[in-house]
Amino acid sequence: MTTTEEIKKGLAGVVVDYTAVSKVNPETNSLLYRGYPVQDLAASKSFEEVALLLWTGELPTQSELTEFTAFERANRALDPRVKAAIDLLPTDCHPMDVGRTAVSVIGANHPEAENSSPEAELLKAKELFAAFPAVVAYDQRRRRGLDVVAPREDLDYSSNFLWMTFGEEAAPEVVDAFRVSMVLYAEHSFNASTFTARVITSTLSDLHSAVTGAIGALKGPLHGGANEAVMHTFTEIGINKDESREDAAKRAKAWMEEALAAKKKVMGFGHRVYKHGDSRVPTMKAALDRMIEHYGRHEMLGLYDGLEAAMDEAKSIKPNLDYPAGPTYHLMGFDTEMFTPIFIAARITGWTSHIFEQRAANALIRPLSAYNGSEQRAL
Ligand code: COA
42 MTTTEEIKKG LAGVVVDYTA VSKVNPETNS LLYRGYPVQD LAASKSFEEV
92 ALLLWTGELP TQSELTEFTA FERANRALDP RVKAAIDLLP TDCHPMDVGR
142 TAVSVIGANH PEAENSSPEA ELLKAKELFA AFPAVVAYDQ RRRRGLDVVA
192 PREDLDYSSN FLWMTFGEEA APEVVDAFRV SMVLYAEHSF NASTFTARVI
242 TSTLSDLHSA VTGAIGALKG PLHGGANEAV MHTFTEIGIN KDESREDAAK
292 RAKAWMEEAL AAKKKVMGFG HRVYKHGDSR VPTMKAALDR MIEHYGRHEM
342 LGLYDGLEAA MDEAKSIKPN LDYPAGPTYH LMGFDTEMFT PIFIAARITG
392 WTSHIFEQRA ANALIRPLSA YNGSEQRAL
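Laid out in structure tokens, this is it:
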């Protein structure tokens, strides 16, 4: 292999394996989790049900759901060993570093860390699903000088997540928008972080190592970090609660025109697979609209519309899921840097489903490279 024509930079267009977890269809802008359209799941299913669907391939029966709900509620508290490790990290480090460290500590303390049987892996995935929200919630609170809020067993996953973060019960509309975001962020085939998890699993490493590596991949702004970057764009343009929607849109449009003239890449737009629009955006945008109404923040819609319209006019590039998700989390009260750790909490479901699948039909992932360094030479 010596010619560059044979090289698929970024593995673009390369099909590396089968998956039965989700199907992304860029032609029809559709996304199926185990065969079900994601917008239908987001309309009517809890995140707990979607997690079970991704892991097992089927929606749970009522008794399976009841059992899992009880398990999840019983495994939510922040492990003191994890809290102690978080407390060693500076409050100005990136929260993704905290998430990555927390998963590593959870793995190191797990009595079945090296047991990769399907039963042990499913149990570890369920435990991580239940445990991770407390990591995000505590990290958000300690950055504000606040202490841990204990979980509440009477609340579902989404409302408890918000409870542990803010120490007050969120309004039902807010809980629902949060749930929708979790369902939409749960899974997306062979994206960079999922592929990372599969590469690590392919070496027969353990589940927590695979998830830890996946978090590293998710942190980057070309992947999960884009939801934070969207909010930085909004902040750079300037958020002014008293501004009219129209004025905000005008300023956003001007900002985008300038950014594109300077050949900047604007985060929250474009996608490696979807070229005519991200299947998840309409559902997340509807959730954002509900939050804008709930909080009475129409100037945010102005910023959103202004950027989108200017990008569409100039380059016909459509928003991806991170574009409506960023402002949604902002309105809920999360600091911008916490957005991607929330994405971890959601994607733990997809990653672990892919870890099971990789392990069940494993082949070491080890591609080739074309050498373009100097020819052999004498010392
Ligand atoms: N802003 C400005 N231009 C963009 C763009 C964006 N967000 N996304 C793509 N483009 C342009 C590229 O500059 C390129 O233009 P060119 O052909 O004139 O060089 C063209 O569109 C193709 O983009 P490319 O980066 O090659 O596509 P890709 O499939 O490799 O990249 C992303 C996909 C997601 C990495 C890319 O769209 C991006 O960087 N988006 C911003 C980050 C983001 O939101 N990531 C979250 C993804 S869910």
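Using the numbering used here, read the sequence shown as starting at 42 and increasing by one per residue.
We put the CB at the ideal spot given by N, CA and C, even for glycine.
Between ligand 1 and the CB of Asp319, the shortest heavy atom gap is smaller than 8 Å. Apart from the 5 residues on each side of it in sequence, Val177 sits with its Cβ closer than 8 Å to the Cβ of Pro136, Gly140, Phe202, Thr206, Met379, Pro382, Ile383, Ile385 and Ala386 in its chain, given in chain order. It is roughly 20 Å from the alpha-carbon of Thr324 to the alpha-carbon of Arg313.
Proximity of the beta carbon of Asp353 to ligand 1 is not indicated: no heavy atom of the ligand is located closer than 8 Å.
Check the Cα spacing between Glu210 and each of Glu194, Leu164 and Met223: the tightest is with Glu194. For Ser394, the enclosing alpha helix (DSSP H) covers residues Phe380 to Ala401.
In this structure, Leu342 has its CB at a distance of at least 8 Å from all heavy atoms of ligand 1.
Set against 8 Å, the gap from the CB of Phe310 to the closest heavy atom of ligand 1 is smaller. Taking a cut-off of 8 Å for Cβ pairs, the stretch 215-224 and the stretch 80-96 touch, as three or more such pairs fall below it. Taking 4 residues as the shortest admissible run, the stretch 96-151 contains the following complete alpha helix (DSSP H) segments, listed from N- to C-terminal end: 103-115, 121-128 and 136-149.
In this structure, DSSP gives Val65 an extended state, which the three-state scheme calls strand. Taking 9 Å as the cut-off, the Cβ atoms of Glu398 and Val123 do not count as close. Pairing Gly343 with Ala290 gives a Cβ-Cβ distance under 9 Å.
Comparing C-alpha distances from Leu130 to each of Gln181, Thr110, His151 and Glu89 shows the shortest one belongs to Gln181.
According to DSSP, residue pairing for Pro78 in a beta bridge involves Leu73.
Put simply, the backbone Cα of Ala411 is about 46 Å away from that of Ala328. Within the DSSP bridge table, the entry for Pro360 names Phe310 as partners. Closest option to Thr242, judged by alpha-carbon separation, among Ala125, Ser394 and Ser415: Ser394. Annotated as distal: Ala118 and Ala166, with beta-carbon spacing of 9 Å or more.
Rounded to the nearest whole angstrom, the C-alpha separation of Ile406 and Thr276 is 41 Å. Relative to the non-hydrogen atoms of ligand 1, the Cβ of Asn361 comes within a distance shorter than 8 Å of at least one.
Placement of the Cβ of His273 at a distance of 8 Å or more from every heavy atom of ligand 1 is found.
A distance below 9 Å separates the beta carbons of Leu95 and Tyr74. The three-state secondary structure of Asp180, taken from DSSP, is helix.
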